[in-house]
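In what follows, a structure is listed as structure tokens, so that the remarks can point back to it.
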Amino acid sequence: MQQLQQPAFTASPLTGRKRLGPAPPIDLFKKTNSIGSLIDVSLQTPEVPRRINVDSISKDSKIKFCAEDLVTDIVLGSGSGGVVSKVKHIPTGMLMARKVIKMSVFEQCGQDKLEKQILRELRILRLCRSPRVVTFYGAFLDQGDINIMMEYMDMGTLERVYRKTGVLSEPIIAQVTLRILEGLIYLYENHKIVHRDIKPSNILVNSNGDIKIADFGVSKELSNGTQAATFTGTQGYLAPERVREGTSCTPSSDVWSLGLTVMELALGRFPIPAEALPSIFDLLQYIEQEPSPTLPVGGFSPELCEFTSLCLIKDPRQRPHPKQLLETAFLKQAAMADPNTLSCWTQSLADLLKQ
Numbered sequence: 001m002q003q004l005q006q007p008a009f010t011a012s013p014l015t016g017r018k019r020l021g022p023a024p025p026i027d028l029f030k031k032t033n034s035i036g037s038l039i040d041v042s043l044q045t046p047e048v049p050r051r052i053n054v055d056s057i058s059k060d061s062k063i064k065f066c067a068e069d070l071v072t073d074i075v076l077g078s079g080s081g082g083v084v085s086k087v088k089h090i091p092t093g094m095l096m097a098r099k100v101i102k103m104s105v106f107e108q109c110g111q112d113k114l115e116k117q118i119l120r121e122l123r124i125l126r127l128c129r130s131p132r133v134v135t136f137y138g139a140f141l142d143q144g145d146i147n148i149m150m151e152y153m154d155m156g157t158l159e160r161v162y163r164k165t166g167v168l169s170e171p172i173i174a175q176v177t178l179r180i181l182e183g184l185i186y187l188y189e190n191h192k193i194v195h196r197d198i199k200p201s202n203i204l205v206n207s208n209g210d211i212k213i214a215d216f217g218v219s220k221e222l223s224n225g226t227q228a229a230t231f232t233g234t235q236g237y238l239a240p241e242r243v244r245e246g247t248s249c250t251p252s253s254d255v256w257s258l259g260l261t262v263m264e265l266a267l268g269r270f271p272i273p274a275e276a277l278p279s280i281f282d283l284l285q286y287i288e289q290e291p292s293p294t295l296p297v298g299g300f301s302p303e304l305c306e307f308t309s310l311c312l313i314k315d316p317r318q319r320p321h322p323k324q325l326l327e328t329a330f331l332k333q334a335a336m337a338d339p340n341t342l343s344c345w346t347q348s349l350a351d352l353l354k355q
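Under UniProt numbering, think of the first position of the sequence shown as 1, with each following residue one higher.
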């Protein structure tokens with residue numbers, strides 16, 4: 001594992017513990033796009049680009065794509081790696097999300113590493129056939145740019161939803177959580193995949209009430225054991241064992257991230273107090289050393305508090321596996337609820353949220 005350079009230690013005004021510092025400030029709530037995070041190339045090494053082969057990934061696609069058949073409606077989001085747009089596919093009349101990874105990215109980053117990351121995401125998307133995972137339609141090259149065609153989710157991300165509507169009610173949170181968990185169970189049991197980047201901006205919503213997992217840019221298939229390697233993902237949602245070891249990632253690591261996501265939907269903000277996070281080093285040390293965040297006493301049901309507490313057990317050996325969480329009172333109630341709960345909710349928000 002690559003070792004980070006050790007900065008100077010200073011006393012934390014919050015906890016009295018020694019903390020790492022100084023370091024650049026971070027913004028946990030920076031704008032994200034409506035189909036998930038784009039590839040961060042800011043710290044990678046320049047290398048001469050070459051043509052990436054996406055043909056094998058799209059060979060089973062029922063639709064053959066080319067740029068001339070696509071009409072762009074609106075840009076949903078952009079980042080250092082490219083842009084995501086809502087487009088119409090003229091031959092079929094379908095609305096889709098088009099994620100373009102620009103050729104210029106290959107001029108800024110390590111070719112082999114980026115190609116492996118892209119092909120991994122495409123392979124995972126192609127393999128997944130689940131109502132809890134965003135649908136992949138195909139991929140093609142256009143003037144060297146990689147175009148990934150995916151299902152368009154017209155209400156965007158969970159982050160966008162709660163920022164526009166405020167905190168979600170517990171019955172809605174329970175229904176959303178159940179569907180995310182079903183997606184995680186599907187990924188692991190059917191494909192031995194841990195997502196590694198579960199957060200509100202990587203969960204998509206549509207007006208039919210569907211909740212789907214997206215953005216597999218940092219997902220990793222598990223093989224020859226139970227741990228997936230490399231230190232990636234959004235730092236604020238990392239499980240303590242990933243901060244401490246930098247390499248270990250199992251399904252229970254996704255459970256921690258799910259717990260923070262559920263708390264964020266309930267609170268309307270990221271659960272770790274912003275004043276504790278002047279730098280990325282402080283954030284990581286806080287995650288590793290401080291007690292897990294908890295919901296305010298008396299403000300939420302015992303069932304929700306129990307669920308988040310289980311997700312946020314610091315010892316991964318004691319933290320439940322995704323499937324075990326289905327037995328919690330919080331999700332048993334959700335499983336018995338009216339199946340139209342989410343569709344009624346999203347339809348009531350259509351005027352506010354459709355994009």
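Ideal Cβ positions, reconstructed from N, Cα and C, are used throughout, including at glycine.
I'd like the span of the alpha helix (DSSP H) that includes Gly183, first residue to last. Glu170 to His191
Leu312 to Ile193 span [Cα, whole Å]: 21 Å
Environment of Arg317 [buried if 16+ CB atoms lie within 10 Å]: exposed
If we ignore side chains and look at the alpha-carbon of each, how far apart do Leu122 and Asn190 end up? Between the alpha carbons of Leu122 and Asn190 lies a gap of roughly 17 Å.
Exposed or buried, Gly299, counting other C-beta atoms within 10 Å across all chains shown (16 or more means buried)? exposed
Three-state secondary structure (DSSP) at Met336? helix
Excluding the 5 residues preceding and the 5 following Gly183 in the sequence, name in chain order all residues of the same chain whose CB lies nearer than 6 Å to its CB. Arg132, Val133 and Ile213
If the criterion is Cβ atoms closer than 9 Å, does the pair residue 400 and Ala266 meet it? Given that the chain is displayed from residue 1 to residue 355, the structure contains no residue 400 and the question cannot be resolved.
Please work out which residues of its chain come closer than 6 Å, Cβ to Cβ, to Pro13, disregarding the five sequence neighbours upstream and downstream, and give them in chain order. Note that Pro13 scores 44 on pLDDT, short of 50, meaning its location in the model is unreliable and no value can be drawn from it.
Taking the alpha carbon of Met336 as the reference point, which residue from Leu158, Gln175 and Arg98 has its own alpha carbon closest? Gln175
In angstroms with no decimal places, state the Cα-to-Cα distance between Asp210 and Arg163. 19 Å
Beta-carbon proximity list for Pro91, same chain, < 7 Å, skipping 5 on both sides: Asp69
Leaving out five residues on either side along the sequence, give the residues of the same chain with a beta carbon under 7 Å from the beta carbon of Pro321. First, the residue type needs correcting, since residue 321 is His and not Pro in the sequence shown. Hits under 7 Å: Pro251 and Ser252.
What is the rounded straight-line gap between the Cα of Lys102 and the Cα of Ile146? So the two alpha carbons sit approximately 7 Å from each other.
Looking at the unbroken beta strand (DSSP E) that takes in Ser85, where does it start and where does it end? For Ser85, the enclosing beta strand (DSSP E) begins and ends at Gly82 to His89.
Arg163, enclosing beta strand (DSSP E) - first and last residue: It is not in any beta strand (DSSP E) - Arg163 instead sits in the alpha helix (DSSP H) that spans Leu158 to Thr165.
Where Arg160 falls, given that 16 or more other Cβ within 10 Å makes a residue buried: So Arg160 counts as buried.
Where do the N-terminal and C-terminal ends of the beta strand (DSSP E) with Ile101 fall, by residue? Met94 to Ile101
Let me make sure I understand the geometry here. Which of Phe140, Ile185, Leu181 and Glu327 has the alpha-carbon closest to that of Gly259? Leu181
Tell whether a beta-carbon distance below 9 Å holds between Thr157 and Ile124. no
Same chain only: Cβ atoms within 6 Å of Leu178, ignoring 5 sequence neighbours per side: For Leu178, where only same-chain residues beyond five positions count, the Cβ hits under 6 Å are Leu331 and Ala334.
List the endpoints of the continuous alpha helix (DSSP H) containing Glu327. Unbroken run through Glu327: none, as it is neither H nor E.
Helix, strand or coil for residue 399, going by three-state DSSP, please let me know. Nothing about residue 399 can be read from this structure; the chain reaches only from 1 to 355.
Am I right that Pro240 and Ile287 are in contact with their C-beta atoms under 8 Å? What's the rounded C-beta distance? 6 Å
Using the Cα positions of Ser301 and Asp351, report the straight-line distance between them to the nearest angstrom. Rounded to whole angstroms, Ser301 to Asp351 spans 30 Å at the Cα level.
Nearest-angstrom Cβ-Cβ length linking Ile74 and Ser61, presumed shorter than 8 Å: Ile74 to Ser61, Cβ: 24 Å. No contact.
Do you know whose CA, among Ser309, Leu127, Ser78 and Phe65, lies nearest Gly93's CA? Phe65
Sequence-distant residues of its chain with Cβ nearer than 7 Å to Gly127 (five each side left out): Reading off the sequence shown, one finds Leu at residue 127, where the question assumed Gly. Correct list, in chain order: His191.
Excluding the 5 residues preceding and the 5 following Leu304 in the sequence, name in chain order all residues of the same chain whose CB lies nearer than 8 Å to its CB. Glu170, Ile173, Ala174, Val262, Ala266, Leu295 and Phe330
Among Thr341, Val71 and Met149, which one has its Cα closest to the Cα of Val100? Met149
Tell whether a beta-carbon distance below 9 Å holds between Phe140 and Ala67. In contact: Phe140 and Ala67 (Cβ atoms closer than 9 Å).
In terms of residues, what are the limits of the alpha helix (DSSP H) holding Ala266? Judged by DSSP secondary structure, Ala266 falls within the alpha helix (DSSP H) whose first and last residues are Pro251 to Leu267.
Where does Pro24 sit, in a helix, a strand or coil, going by DSSP? Confidence in Pro24 is poor, its pLDDT being 43 and thus under 50, which makes the residue's placement unreliable; the coordinate value appears in the next sentence. Three-state result, Pro24: coil.
Specify the secondary structure class of Leu204 as computed by DSSP and reduced to three states. strand
Selected residue, minimal CA-CA separation from Phe281, among Leu310, Ser309, Gly268 and Leu238: Leu238
What residues in its chain sit with their C-beta under 6 Å from that of Lys323, if we drop five residues either side in the sequence? Ile185
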